[in-house]
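Accompanying notes for the structure given below.
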Amino acid sequence: MKGSPGNLTWPRLLLLALSAGLILHGILNGSMQDVFVKAVNICTECIGLG
Amino acid sequence: MAEIKKRRPALRPTKRRLVQLYCALLYNANIKGLALGRIYTGPAKNLCVPGLNCYSCPGAVGACPLGALQNAMAASGTRAGTYVLGILMLYGLLLGRTVCGWLCPFGMVQELLHKIPTPKIRKSRATRILSGLKYLLLLVLVLLVPLLYGLKKGLPLPAFCKYICPAGTLEGAGGLLIHPANKGLFSMLGSLFARKALILALVLVSCIFCYRSFCRFLCPLGALYGLFSRIALAGVKVDGAACTGCGACVRTCPMDTRYVGDRECIHCGGCRKVCRSGAISFRAGKTSLEQGVFRERAGKILKVLLPLLLTAVLTLANLRPSAEAPLPAGETGFEAGQFPEDFSVSLMDGGSFSLYEARGHVTFINLWATYCAPCVEEIPYFERLRQEHEEVRILALHASLVTEDVGAYLEEKGWDLDFALDDEDGSVFALLGGDALLPRTIVLDREGRVVYNQAGSVTYEKLEKLLVRAEQGQP
Chain A
2 MKGSPGNLTW PRLLLLALSA GLILHGILNG SMQDVFVKAV NICTECIGLG
Chain B
382 MAEIKKRRPA LRPTKRRLVQ LYCALLYNAN IKGLALGRIY TGPAKNLCVP GLNCYSCPGA
442 VGACPLGALQ NAMAASGTRA GTYVLGILML YGLLLGRTVC GWLCPFGMVQ ELLHKIPTPK
502 IRKSRATRIL SGLKYLLLLV LVLLVPLLYG LKKGLPLPAF CKYICPAGTL EGAGGLLIHP
562 ANKGLFSMLG SLFARKALIL ALVLVSCIFC YRSFCRFLCP LGALYGLFSR IALAGVKVDG
622 AACTGCGACV RTCPMDTRYV GDRECIHCGG CRKVCRSGAI SFRAGKTSLE QGVFRERAGK
682 ILKVLLPLLL TAVLTLANLR PSAEAPLPAG ETGFEAGQFP EDFSVSLMDG GSFSLYEARG
742 HVTFINLWAT YCAPCVEEIP YFERLRQEHE EVRILALHAS LVTEDVGAYL EEKGWDLDFA
802 LDDEDGSVFA LLGGDALLPR TIVLDREGRV VYNQAGSVTY EKLEKLLVRA EQGQP
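Protein sequences appear in the order of chains A and B.
If you read the first sequence in the numbering used here, its first letter stands for residue 2, the second for the next number, and so on.
If you read the second sequence in the numbering used here, its first letter stands for residue 382, the second for the next number, and so on.
What follows is the structure, encoded as structure tokens:
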């Protein structure tokens, strides 16, 4: 059956480096803090309470 | 007796089930929060967990990646949500939909429900078509609606969380409502909750008859990870040389797969058992994980590492000092009928607000934050209340956690209320019973006694009714 991945070492490495870069950028630009703020506060509307 | 012995292996949990249980416990390690009905507010919430797990669940110690992604899209006008994108890309590249099969607590709930013995709906052309719906939900409710609403109105609208997410209703709303300490939340329940509870019920019932129906048809997180199916490092692989092409793997797979490892495959490994030629195995990259040496070593390492990780998370999440303020003794307190301790805060326009000096007036205190959409939507009602009842004192107190310049935000909005910012320790919030639930409205009568203190949105009509109650001194 079809399904085995081909040689993807370089694309994987490039994308892993990109994701690490994005995470680092996010830590510096404050988007990690945004995640934290949302996660430690309850948005009553978002969980359907009203 | 022999029959029982025969049945026993079927009742024994599989390795995958143990991993799912482990993850459910790891994601929800805040046992103290479950006992107190309060959510975890520690630093682990900076990190998104890989699976779907509502961060408003009192047990949750990490952030939900789907909720975080929607909020990041909503905030695109002010800040690029690169952190969430990076985390999701990392999980996608390393694990892909292995997350769905192994690391998602809501996936485990769906699988357990499917074990209830009833007639089952098998996969078909119709279910394959339906499996495309989750990609549409990802595009519309997770990406476009939050992005466009955020850009147009400057407010977050996590549309999937708000209108659909059954995990949020079960873990977030259910987890909070089940605790007696949150009984006040029942007064907030309305049509939104009724709709979401109905969706949850439909999803749970459908899972009894149809394997992982939410995961297959509706879950945008699975859709997102599915996009990484060709490139994800971990998963199942087919040895082309050994494969006879019998198709037993796809025929017996309960997901809507067309081939092993496609974007619908959750890499549960069930197909390994039906492959007579032994062509299917778990892989990391191109390396099979089922070679004797690797399997033995990895097993030994994981047996040590996993309990250590769980112990560390359980310890850190539950032994942190409680941020809750103890309820003051006697008549002092923030519950209806009690008198809050006096406090004073500096107003953002330069003046000050003192609770002591507000005595003699009915006082409304609104606890809010710029990142809380329901909070921002109800501020105009307080403005109208102030315009129509000049004798009423109103303080809008922003939470100590800020994500932007609150002064600049207020200037842009042009609101005319007494706004203040709580101190770094959140001490005024604590005095008033404020917590992670926003918005919260507190109403004091002329003597300074609490007549109302509840989380949740209010309307102008509700504020007027509360004013009448406060004027009559009815707690």
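Virtual Cβ for every residue (Gly too), placed ideally from N, Cα, C.
Quick one: is residue i near chain B, going by C-beta distance under 8 Å?
i: Ala18 (chain A); result: no
i: Leu23 (chain A); result: yes
i: Ala40 (chain A); result: yes
i: Trp11 (chain A); result: no
Please report the Cβ distance between residue i and residue j, rounded to the nearest whole angstrom; I am assuming they are in contact, meaning their Cβ atoms lie under 8 Å.
i: Ala851 (chain B); j: Asp826 (chain B); result: 5 Å
i: Cys435 (chain B); j: His495 (chain B); result: At roughly 21 Å, the Cβ-Cβ gap does not stay under 8 Å, so Cys435 (chain B) and His495 (chain B) are not in contact.
Hey, how far is the Cα of residue i from the Cα of residue j?
i: Asn42 (chain A); j: Thr751 (chain B); result: 12 Å
i: Asp35 (chain A); j: Ala18 (chain A); result: 23 Å
i: Leu402 (chain B); j: Leu484 (chain B); result: 9 Å
i: Asp637 (chain B); j: Cys600 (chain B); result: 14 Å
i: Tyr592 (chain B); j: Gln491 (chain B); result: 7 Å
i: Gly854 (chain B); j: Leu812 (chain B); result: 21 Å
i: Val757 (chain B); j: Trp749 (chain B); result: 8 Å
i: Leu415 (chain B); j: Ile760 (chain B); result: 32 Å
i: Leu14 (chain A); j: Gly473 (chain B); result: 13 Å
i: Ala40 (chain A); j: Ala660 (chain B); result: 43 Å
i: Thr10 (chain A); j: Leu433 (chain B); result: 28 Å
i: Leu522 (chain B); j: Ala456 (chain B); result: 15 Å
i: Arg509 (chain B); j: Arg644 (chain B); result: 12 Å
i: Asn747 (chain B); j: Val809 (chain B); result: 12 Å
i: Pro439 (chain B); j: Phe663 (chain B); result: 35 Å
i: Tyr762 (chain B); j: Asp730 (chain B); result: 20 Å
i: Glu785 (chain B); j: Leu847 (chain B); result: 32 Å
i: Ala604 (chain B); j: Leu700 (chain B); result: 37 Å
i: Ala780 (chain B); j: Gln835 (chain B); result: 16 Å
i: Leu571 (chain B); j: Arg657 (chain B); result: The amino acid at residue 571 (chain B) is misidentified as Leu; the sequence shows Gly. Going by the C-alpha atoms only, they are around 54 Å apart.
Hey, does residue i have any beta-carbon neighbour from chain A nearer than 8 Å?
i: Ile860 (chain B); result: Nothing in the structure corresponds to residue 860 (chain B), since chain B is present only between 382 and 856.
i: Ser838 (chain B); result: yes
i: Pro539 (chain B); result: yes
i: Thr479 (chain B); result: no
i: Met454 (chain B); result: no
i: Cys596 (chain B); result: no
i: Gln750 (chain B); result: Rather than Gln, the amino acid found at residue 750 (chain B) in this sequence is Ala. For Ala750 (chain B), the answer is yes, since a Cβ of chain A falls inside 8 Å of its Cβ.
i: Cys542 (chain B); result: yes
i: Leu778 (chain B); result: no
i: Leu782 (chain B); result: yes
i: Leu327 (chain B); result: An answer regarding residue 327 (chain B) cannot be provided, because it is not within the stretch 382 to 856 covered by chain B.
i: Leu471 (chain B); result: yes
i: Leu484 (chain B); result: no
i: Leu691 (chain B); result: no
i: Leu331 (chain B); result: Because chain B in this structure spans residues 382 to 856, residue 331 (chain B) falls outside the shown range and cannot be described.
i: Leu728 (chain B); result: no
i: Leu518 (chain B); result: no
i: Leu585 (chain B); result: no
Please list, in chain order, the chain A residues whose beta carbon lies closer than 7 Å to that of residue i.
i: Ala789 (chain B); result: Neighbours of Ala789 (chain B) on chain A: none; closest Cβ ~15 Å, over 7 Å.
i: Lys577 (chain B); result: Gly49
i: Lys504 (chain B); result: The premise fails here: Lys504 (chain B) is roughly 16 Å from chain A at the closest Cβ pair, so nothing lies under 7 Å.
i: Tyr436 (chain B); result: Ala40
i: Ile468 (chain B); result: Ile24
i: Asn427 (chain B); result: Met33, Val36, Phe37
i: Leu566 (chain B); result: Leu50
i: Ala665 (chain B); result: The contacting residues do not exist; Ala665 (chain B) stays about 11 Å from chain A at best.
i: Leu599 (chain B); result: Residues of chain A passing the Cβ test: none, with the nearest at roughly 15 Å.
i: Ala554 (chain B); result: Ile48, Gly49, Leu50
So which residues on chain A does residue i lean against when the C-beta distance must stay under 8 Å?
i: Val465 (chain B); result: Gly27, Ser32, Val36
i: Gly571 (chain B); result: Gly51
i: Met636 (chain B); result: Neighbours of Met636 (chain B) on chain A: none; closest Cβ ~13 Å, over 8 Å.
i: Pro755 (chain B); result: Cys44, Thr45, Glu46
i: Phe724 (chain B); result: What Phe724 (chain B) touches in chain A: nothing, since even the nearest Cβ is about 21 Å away.
i: Thr550 (chain B); result: Ile48, Gly49
i: Phe574 (chain B); result: Gly49, Leu50, Gly51
i: Gly651 (chain B); result: Those within 8 Å of Gly651 (chain B) in chain A number zero; the least Cβ separation is about 14 Å.
i: Ala444 (chain B); result: Val36, Phe37, Lys39, Ala40
So which residues on chain A does residue i lean against when the C-beta distance must stay under 9 Å?
i: Thr499 (chain B); result: The contacting residues do not exist; Thr499 (chain B) stays about 27 Å from chain A at best.
i: Gly603 (chain B); result: Here the premise fails: no neighbours, minimum Cβ distance about 18 Å.
i: Ala817 (chain B); result: Val41, Asn42, Ile43
i: Ala615 (chain B); result: Those do not exist, as Ala615 (chain B) stays about 11 Å from chain A at its closest Cβ, beyond 9 Å.
i: Leu812 (chain B); result: Per Cβ cutoff of 9 Å: no residues; Leu812 (chain B) is ~18 Å from chain A at best.
In chain E, what lies closer than 8 Å to residue i by C-beta?
i: Arg460 (chain B); result: Absent from the structure: chain E. Protein chains present are A and B.
Exercise for the section: Within the stretch 743 to 785 of chain B, note down every full alpha helix (DSSP H) run reaching 4 residues or more, in order along the chain. Expected result: 754 to 769
Exercise for the section: Tell me the start and end of each unbroken alpha helix (DSSP H) in the stretch 576 to 654 of chain B that is at least 4 residues and wholly inside, in chain order. Expected result: If we require 4 residues or more, the alpha helix (DSSP H) runs fully inside the stretch 576 to 654 of chain B come out as 601 to 607, 629 to 633.
Exercise for the section: Could you tell me which uninterrupted alpha helix (DSSP H) segments, each at least 4 residues in length, are contained entirely in the stretch 457 to 515 of chain B, listed from first to last along the chain? Expected result: With a minimum length of 4 residues, the continuous alpha helix (DSSP H) runs that stay inside the stretch 457 to 515 of chain B are 463 to 475, 479 to 483, 486 to 495, 506 to 511.
Practice task
Could you pull out every unbroken beta strand (DSSP E) segment of at least 3 residues lying fully inside the stretch 823 to 855 of chain B, listed in chain order?
Solution key: 831 to 836
Problem - Runs of beta strand (DSSP E) wholly within the stretch 710 to 741 of chain B (minimum 3 residues, chain order) - result: DSSP assignment within the stretch 710 to 741 of chain B yields the following whole beta strand (DSSP E) runs of 3 residues or more, N-terminal first: 725 to 727, 733 to 735.
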